[in-house]
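Counting the sequence shown from 1 gives a position; the working numbering is that position plus 8. Structure record follows, encoded as structure tokens.
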Amino acid sequence: MTPGNSCFWRDLGVNLKSGVRLAALMVRRLRLADFRVSPDQLIALATLQLTLNLLVSVAANGSDGVLNPAALPGEIFFIALLLLAGYLIARLQGDMSLALAIPVVALTTAPAFTVAYLGLAAVAGGDDAGGLGASIGDILGNVLPFPMHEINSALYTAYLGWALAVTIASVILVTGWHMPKTLLAAALIVGLGIMPQWFFPAGELWVAADEEIHAGLPSVASENVLEAQPRLLGAQLAALAPQRPGVTDLYFVGFAPYASQDVFMKETQAVKKLFDERFDTAGRSIALINNARTLAQTPLATTTHLARTLEEIAGIMDADEDMLFLFITTHGSQFHELQIEFEPLQLNQIDAEFLRETLARAGIKWRIIAISACYSGGFVVPLKNENTLIMTAADAKNTSFGCSNEADFTWFGRALFDEQLRAKYSFADAFAGALETIVRWENEQGYAHSQPQIEVGGAIAPKLKALESRLQRHGDRVLAQTSTAE
């Protein structure tokens, strides 16, 4: 049977109609005979779902984007896992004719889940709603007597419960009710067909058009770029000013490793400029950035470059006197990894153990660490000690906000650096002010609280006070010189 055959389209219509009934849990009179199980229908339903996923990506990223072929293998891989689940369930039931029925029936419900997910994203204000989410979320936030983050959590839980109920209903429809085989079969579908999509998303089939292509910027994978990187890093490290005896020098390292969104590049550049102007790091600061726009001027943000940078700085600073300010801004995962990404390079990720070992190996004693990333609170306990101040944009269990491509700062970066530290020299006081600002923004948007974290080591506290006093005097001198020049 081919797509040109009227039976093909009639069977597809029957499957979609039955899939809607199954997704709505209208299963009292629904039977396996109400579905058309065949290899043609499997391919048709899989193609339909790929098309829907593509349309969702277009809605989220704009019609002026480009197709992302790299995401296609991931999408196909999930379908292969569903086929594997069907095979294992058929073996479990002792009826190999069910091997194709399981994935076909499951795929008939997939369009309903896609539509429901879009609705959930719209209410929650997610990017997948294509801009619709913010308006719906704002309306509900103003009408309903509950915080939006509580509503979002309840809807998300209901969505997962519904998905589980439909999965069990699908298994019962295909295999009948045979405890405990039915529950084991449902677990196979969840474990192979659903859970991998939550933990290992395939990526967007349609992504925002890379402006660097239109601007004629080089590719990070080009030989000229890769060959120039060691020299570029070496030259910038060699240009760092030495420590000054009797002065607590602050050395700044900015690390923006996520290339696909400009906000991290812009934030790092702005924070470096702020520190050079207000915190006396001019000549003692360096930025490592992954972005096509900075390939010719700035070293890449990789674990290798970060380790080398910290080692070089440790070699020129006075270990007992000087301090390091390490600022990292990127996406974070629930597994407490900081994402490093610059397609098509395959780059190592950063976890707390890497940071702890790298700082210890470099021999940097006094450390101020600020991490703007989701779940970044997971770095606090592994990195804290008496000689360290660490600030994070969220606790270990929550996301942070503001990492849209168009933004100049993340929420944490704007509140801490662009607002508080433009008027203060105390990092602890600035963090306290930033925390109040972030909580207010989250309440206004109805978001779950990110709960930024701070940990100040006992030994570094007086060092920070002394640094604050020195920077205040430095700022007064700069202001006086500026006034005289005017």
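Glycine is no exception: its CB is placed at the ideal position from the N, C-alpha and C atoms.
- Taking C-beta atoms as the reference points, P111 and G94 count as a pair closer than 7 Å.
- Assignment of I446 by DSSP, reduced to helix, strand and coil, places it in the helix class.
- When only Cα atoms are considered, N76 and E351 end up about 12 Å apart.
- Counted as a single uninterrupted DSSP element, the stretch harbouring Y266 is not any alpha helix (DSSP H), since DSSP gives it neither H nor E.
- Annotation: the segment 391-457 contains the following complete segments of the beta strand (DSSP E) (minimum length 3 residues), in chain order: 396-400.
- The continuous alpha helix (DSSP H) containing R286 extends over residues D270 to R286.
- Judged by DSSP secondary structure, I321 falls within the alpha helix (DSSP H) whose first and last residues are T311 to I324.
- In the DSSP secondary-structure assignment, Q461 is bridged to T400.
- In this structure, the beta-carbon distance from E349 to A229 does not fall below 7 Å.
- Just so you know, the alpha carbons of Y125 and L163 end up roughly 10 Å apart.
- According to the DSSP assignment, R375 belongs to no alpha helix (DSSP H) but to the beta strand (DSSP E) extending over W374 to S380.
- Going by DSSP, A368 is part of the alpha helix (DSSP H) stretching over A360 to A370.
- Around D359, the same chain offers H344 and E345 as residues with beta carbons nearer than 7 Å, after the five sequence neighbours per side are excluded.
- If you look at F335, you'll find it in the beta strand (DSSP E) that goes M331 to T337.
- DSSP places G340 in the strand class (E or B) of the three-state scheme.
- Look at A295 here: in three-state DSSP terms it is strand.
- A residue is called buried once 16 or more other Cβ atoms fall within 10 Å of its Cβ, and I51, having fewer, is exposed.
- Residue pairing from DSSP places F350 in a beta bridge opposite L353.
- Note: E345 is bridge-paired with D359 in the DSSP secondary-structure output.
- The beta carbon of A467 sits closer than 8 Å to the beta carbons of E394 and N395 from its chain, once the five residues preceding and following it are set aside; these are given in chain order.
- Q461 sits close to D403, with the two beta carbons spaced by under 7 Å.
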